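Residue numbers (UniProt numbering): 1 to 1136.
Pasting the structure below:
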């Protein structure tokens, strides 16, 4: 009952008294805080964050168990000490980052602005601004809160703002006050003004706002929309000042509501590592249990050995805890820190890669997260947007079909067909409809013109949409010049005669409507609706009296333009009767002031008037491919990465772009899946599957094209699995007419089968897709920075994806896997020796190694080798990865497989056996010095420990694919650090009451010839199996990467193809030039190749004077076996 009452009284809107600090309710302060912690919340929140990781929980338990008296064989602080150091370092990192955020918050909160208080403008800090107060913002100043504009210094109370801080768009946007408040320009009028604003509750939608302003002096209400909203963080431009009333402050502002952390993504390698740690945990339990059993058995046999004290009298439980603590270091405590360091610097490599710097826009590559670096090396699917991602998003108006004639050509950069003006001057029959077409281009838009102060004839257009800008410029080239925009009117120069049009209503564009309309009144008083939009929404709204011949010509030109890769827009108009319009206008006004479901009501009212339209024409806009797109796609396809295009454009345009970008291979059959209903889609899918079976039998390639309507039927219906099975078999898939959420749905559909999906896009409509993918890549382009800001990695051009994935991705994956496997290896190698020693110590829990050497093994003596492996090792050179993309797939196969993991585990066990028993054999007879002392168990322990350090450091060199002086120095330097530590540690006691057992042992060890002999023989003997296995593998079954390494050393060019593509001249990899082959021995003639388990052939090419060319775009048509598209559009089949 109480919950119902709370729900009933929950406010649905916000009421604000204008020009008053006393409001109906208390609103959020304008002081902001982006800090993650406070003084009181830091410790609990930090600890909660850290102990979400299983390995931290594990080491906390070990540290607590060590505090139990007489249980821990390794001392009380050997785990707690390093663990606290790691936590301390993590805490310092968090504090450092939070202090930076706090300082920035203080700086922002103390920015000043002009606030109307006590009847005058007072300069106040941002943090003191409250809801309902009236502010004055000067030119080039940032806006401190979300405001409703009341007036400005410009004519018609217009203001220009730049929202680059919000969405990355640098073009100016226009905001305009209501005519009823535009006279509030002096302080006396503002002081007298009274009213109330009722608006929606705070939301994060920056492009939507619903509100109503109520005037007290005449008791009328007017709608408020996003056109009157000035957003916090935006900058006022080209406007002397603006006056507005505050509606949202602080964290209620749309900017702050959008300041949310991106969804947490976890790399596949992290998940696999956790699984491996769980395996090691169960091995640890088994070892502890076996050792407990051994202790129990020895206890039974030694019950009468009174001189051994308590042996045999401990309980099985406490024995198990003792061995659990003894073997706990099988799980490396430093692994997480090592990975964080490696990933941090790997991200720095990406950020500083000059090859991925786009000079035209001063845009470097940016890694916004570092925990997905290795995920770039496991990509199997790329979901790519088209416009602005594959194309430049620089629109050029190329052609216009109007009056039964197509104007323009495919060659000129800009539309400049003078026959348009000739036909108008000659007053041909279609002259009026031609004028209407260019008038729609010049009036139906949101472009803002700016006159050049030094040249009255020069106009600069500010446009949020590249399409609109192209159309307005195209109209201007034909003397339909858009010159001025005022509060309710626009001025257009029509064939050198200025004419003013009154804008009565604007039917705004959105992704659901896919069209925009304006209702205008010309100088003669005629009312007209001008509308432009996608053909899919315009054609159904045309008058039923439209001649069939006109529709056929329209569709013919739509297909012609789309097949050339042009973006198309349909133009239509409607003459309005004044009586009808007045009735409709009242409905529109009621919808516009509604606070609930305003957009839906406006769309419904707009749909009512957008009917029985008269066809005007069709425009064609060119959006060229970015530089290097075909080359990049060819390389990614050769790397066995499947690429899908997800676009909102129509089918023909999307297919043409896929052809131009080398996504469709020349011999690929294109299957078109469509259906307006679920039944049609299901039947169509069944027919395609039958055709696919024939293609597979004949070893033919095929690709799929599907539209948004059909995809909606698939995702919401029962044929998801059938469609997914089909799509995963296709060479590539093109999805057209896609909404933003459908893009995300497709990504999630693929992820249900494969968790290695990368999404790349450049616009706000790609954000959902980017955030859903395992890796999101944003392109900083003409559509702003929203996609880049929401991404994991951002780049300036699509072509940089090639190096990001094939080089950085492959390297990072291989390096990170080596770091993880090596960390497991070195811990097992050392700490399993305690098990072998337990066989000779009656399972008493006695440690072979001194407790602090055990604790510092990971954090000091063997810390650097895995870090250096993760930063400097190069499994294959950059040139090889670029020239031979198929190596990318080869590196995936050999990195983190189960076979690879268990091979390392077996080798680490073998090494521990060799290291212990050879050390035991060498030092079986204890060394006795002149003073009569012998080294005892610590001589064995310290010597064995030294051999382990030497072995694991040399192992790092063996596993390193490319030796550099840095790797060699740090590997041998780690050995030196152990000797330096041992030297100092053996001198500490008795000066400090610490390490008494180790006193003098450094000299005992290094003065023994036996030790030095063992130090040479034991590590070499231990590593012989590794070297032998590597040699045998290389001789019997060399991988592509092995051949690439040989090529790097010999200098011969190496071209690698999978067997099934080697002699396929029509595949995407056929872009590589065919040159003569030579064999390994350098004898010219037939190609020499090696066939391994992957059915790959490796060719060496000797062409030192030229680099391999590949991916070069060759214009071609996609032909099927019957010379055309394979089309399974069910509605068309039914019509036939």
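Using N, Cα and C, we set each Cβ at its ideal position, and we do this for glycine too. Computed from a prediction, not measured in an experiment: that's the story for all the values here.
Got a sec, what are the start and stop residues for the alpha helix (DSSP H) residue i sits in?
i, result
"residue 1001", "1001-1006"
"residue 146", "Premise fails: residue 146 lies in the beta strand (DSSP E), 146-152, not in any alpha helix (DSSP H)."
"residue 520", "Looking at the DSSP string, residue 520 is not in any alpha helix (DSSP H); the run it does join, the beta strand (DSSP E), is 515-521."
"residue 968", "965-988"
"residue 581", "578-592"
"residue 188", "187-192"
"residue 865", "864-872"
Looking at the strands, I want to know which residues DSSP matches up with residue i.
i, result
"residue 779", "795"
"residue 469", "In the DSSP output, where bridge partners are listed per residue, residue 469 has none listed."
"residue 138", "241"
"residue 948", "The partner list for residue 948 (beta bridge, DSSP) is empty, contrary to what the question assumes."
"residue 251", "Paired residue(s): none; residue 251 is not in a bridge."
"residue 902", "Residue 902 is not bridged to any residue."
"residue 13", "200"
"residue 358", "363"
"residue 161", "173 and 236"
"residue 567", "621"
As a quick exercise: from the options, pick the residue whose alpha carbon is nearest that of residue i.
i, options, result
"residue 644", "661, 1043 and 408", "661"
"residue 187", "151, 206, 205 and 161", "151"
"residue 649", "533, 124, 131 and 375", "533"
"residue 116", "142, 19, 96 and 139", "19"
"residue 792", "81, 992 and 365", "365"
"residue 760", "813, 604 and 800", "800"
"residue 522", "530, 516 and 515", "530"
"residue 392", "629, 707, 514 and 237", "629"
"residue 719", "680, 94 and 82", "680"
"residue 677", "315, 333, 881 and 714", "714"
"residue 153", "133, 163 and 181", "181"
"residue 867", "337, 132, 121 and 203", "337"
"residue 359", "958, 796 and 946", "796"
"residue 1139", "610, 396 and 149", "One cannot answer for residue 1139 here, as it falls past the ends of the chain, which runs 1 to 1136."
Take residue i and list the residues in its own chain whose beta-carbon comes closer than 6 Å to its own, dropping the five residues that flank it on each side.
i, result
"residue 11", "none"
"residue 438", "475, 478 and 480"
"residue 1050", "none"
"residue 732", "643, 663 and 703"
Can you list, in chain order, the residues of its chain whose CB lies under 8 Å from that of residue i, leaving out five sequence neighbours each side?
i, result
"residue 13", "198, 199, 200, 201 and 595"
"residue 412", "398"
"residue 35", "98, 101, 102 and 105"
"residue 430", "402, 403, 404, 405 and 423"
"residue 371", "265, 266, 267, 270 and 343"
With a CB to CB cut of under 7 Å and the five nearest residues on each side skipped, what residues in its chain are close to residue i?
i, result
"residue 91", "46"
"residue 145", "30, 129, 232, 246, 248, 249 and 253"
"residue 15", "24, 196 and 198"
"residue 28", "249, 250, 251 and 252"
"residue 826", "862 and 952"
"residue 81", "855"
"residue 162", "170, 172, 234, 235 and 237"
I'd like the span of the beta strand (DSSP E) that includes residue i, first residue to last.
i, result
"residue 563", "Premise fails: residue 563 lies in the alpha helix (DSSP H), 548-563, not in any beta strand (DSSP E)."
"residue 125", "120-125"
"residue 212", "211-215"
"residue 393", "391-402"
"residue 381", "381-384"
"residue 760", "757-761"
"residue 1137", "Nothing about residue 1137 can be reported from this structure: the residues present for the chain run from 1 to 1136 only."
Using a beta-carbon distance below 9 Å, is residue i in contact with chain B?
i, result
"residue 663", "The structure shown contains no chain B; it holds only a single protein chain."
Taking 8 Å as the line, does the beta carbon of residue i fall inside it for any heavy atom of the ligand FAD?
i, result
"residue 286", "Annotation note on the ligand FAD: not contained in the displayed structure, which lists no ligands."
- In the region 641-713, which residue ranges form an unbroken beta strand (DSSP E) of at least 3 residues, counting only runs that do not cross its ends? 642-646, 669-674 and 702-707
- Counting only runs of 3+ residues fully inside the region 438-462, write out the beta strand (DSSP E) ranges in chain order. Taken in chain order, the unbroken stretches of beta strand (DSSP E) that lie wholly in the region 438-462 and span 3 residues or more are 448-451 and 459-462.
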